[in-house]
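Under this note's numbering, the residue at position 107 of the sequence shown is numbered 108, and the numbers go up by one with no gaps.
Yeah, the Cβ is synthetic: ideal placement off N, Cα and C, and Gly gets one too.
Okay, structure first, notes after.
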Amino acid sequence: MTGWQLGGFLLCVVVASCTQAITGFAIALVLLGLTGLFQLAPLPDAANVATVLSLASAAIALRSARRLVDWRALRATVSGTVVGVPLGVALLAWLHANVVMALRLLLGLVVIACAIVVLVRSKPLAQRSPPASFGAIGVLSGLLGGLFSASGPPLVYQFYRQPMDVDTVRDTLVAVLACGSALRLAMVVGSGHFSLHSLELSALSVPLAMGITWWMRKRPPPWSREVVLKIVCALLVVTGVGLIGPALSALRG
2 MTGWQLGGFL LCVVVASCTQ AITGFAIALV LLGLTGLFQL APLPDAANVA TVLSLASAAI
62 ALRSARRLVD WRALRATVSG TVVGVPLGVA LLAWLHANVV MALRLLLGLV VIACAIVVLV
122 RSKPLAQRSP PASFGAIGVL SGLLGGLFSA SGPPLVYQFY RQPMDVDTVR DTLVAVLACG
182 SALRLAMVVG SGHFSLHSLE LSALSVPLAM GITWWMRKRP PPWSREVVLK IVCALLVVTG
242 VGLIGPALSA LRG
C-alpha cells in the first residue's frame, strides 16, 4: 500500500466517520464504497476495518445517547441479525469468487434502488411497523453484513420510514450495527480471516474515527429530517457505485 493510498484511505475514514455521526449508519457503507471506487485497499481488509470502526464509533456515540435508543426496535432487529450474520459469513465461504462478484453487482443495484425509494417516500409511515418486520429486516441486514459488511441499506429503508425522531433513528441504527459488527468481528477473527494489514489499518483509523465521532456529538449540525434523508440517499448512491464498479471490472476480466 503506497503512501498516497494510505492517505486516501484515512481521508475516506474521516468522511465516513462524519457521515456516521449524522446519519447513524455510514461508516461501513461509505468506507467500502469509496475504497472500492478508488481501489485504495482490498475489500476484505476494508470490510474488516469498517467492522472495527463501527464498534469504536458506537462506543463513543452511545455513551450519552442511550435514552434515545428505541430498545423495542433494537431487540426485534438484533434477534434477526444474529441469524443473518452467520448465514452471510457461511455463504461467503461457500460461494465461488465470480458468484460473489455477481452478488456484489446485484447489491449495488439494490442499494441505489433503496436510495430512490427512501427519497421518494421521505415522509414517515402513519403507523409503526410490527416487530416481525424489524426481525425480518434484521435477518436480511445480517446476511448482507456477513457477505459484504454492508448491512446498512435494509436498516436505512426500515428505520428512516418509521414515525420516529431522527435522533432516535440515528442512535438506534448505531446500536443495531454495533451488535452486528461485534458478531461479525468475532466470526472473522475466529476463522483466521482478520489479516495483519487489517489490523494495521484499524490501528491507524480507530483514533481518527473516535475523535471525529466525539467532536460531532459535541457539535451536531442542526439539520432537518429532509436534509438528513438527502445525505442518506447520496451515501447510498455512492456506495452502490462503489460496489458496482469493482464487480463489473472483475466479471469482465
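{"Query": "Through-space distance from T24 to L93, alpha-carbon basis", "Result": "28 Å"}
{"Query": "Supposed contact pair S150 and A51 - C-beta distance, whole angstroms, cut 8 Å", "Result": "5 Å"}
{"Query": "Helix, strand or coil at K124 [DSSP, three-state]", "Result": "coil"}
{"Query": "Inter-stretch contact at 8 Å, needing at least 3 Cβ pairs: the segment 166-179 / the segment 126-134", "Result": "no"}
{"Query": "Whole runs of the beta strand (DSSP E) within the segment 44-126, excluding any shorter than 3 residues", "Result": "none"}
{"Query": "Simplified DSSP state of D166, which is helix, strand or coil", "Result": "coil"}
{"Query": "Which listed residue (V170, G146, G89 and A77) has its alpha carbon closest to that of L230", "Result": "V170"}
{"Query": "Backbone secondary structure at F149 - three-state DSSP", "Result": "helix"}
{"Query": "Three-state secondary structure (DSSP) of S130", "Result": "coil"}
{"Query": "contact_flag[the segment 97-117, the segment 182-197] where n(CB pairs < 8 Å) is 3 or more", "Result": "no"}
{"Query": "Spatially closest choice to R76 from G85, G136 and G193, by CA coordinates", "Result": "G136"}
{"Query": "8 Å CB neighbourhood of A127 in its chain, flanking five on each side removed", "Result": "P164"}
{"Query": "Secondary structure of G25, DSSP reduced to three states", "Result": "coil"}
{"Query": "7 Å Cβ shell around D71 - same chain, five flanking residues per side excluded", "Result": "M165, T169 and T173"}
{"Query": "Alpha-carbon spacing of L88 relative to G143, whole angstroms", "Result": "8 Å"}
{"Query": "The alpha helix (DSSP H) enclosing M217, as first and last residue numbers", "Result": "L197 to K219"}
{"Query": "Residue environment, I138, which counts as buried when at least 16 other CB atoms sit within 10 Å", "Result": "buried"}
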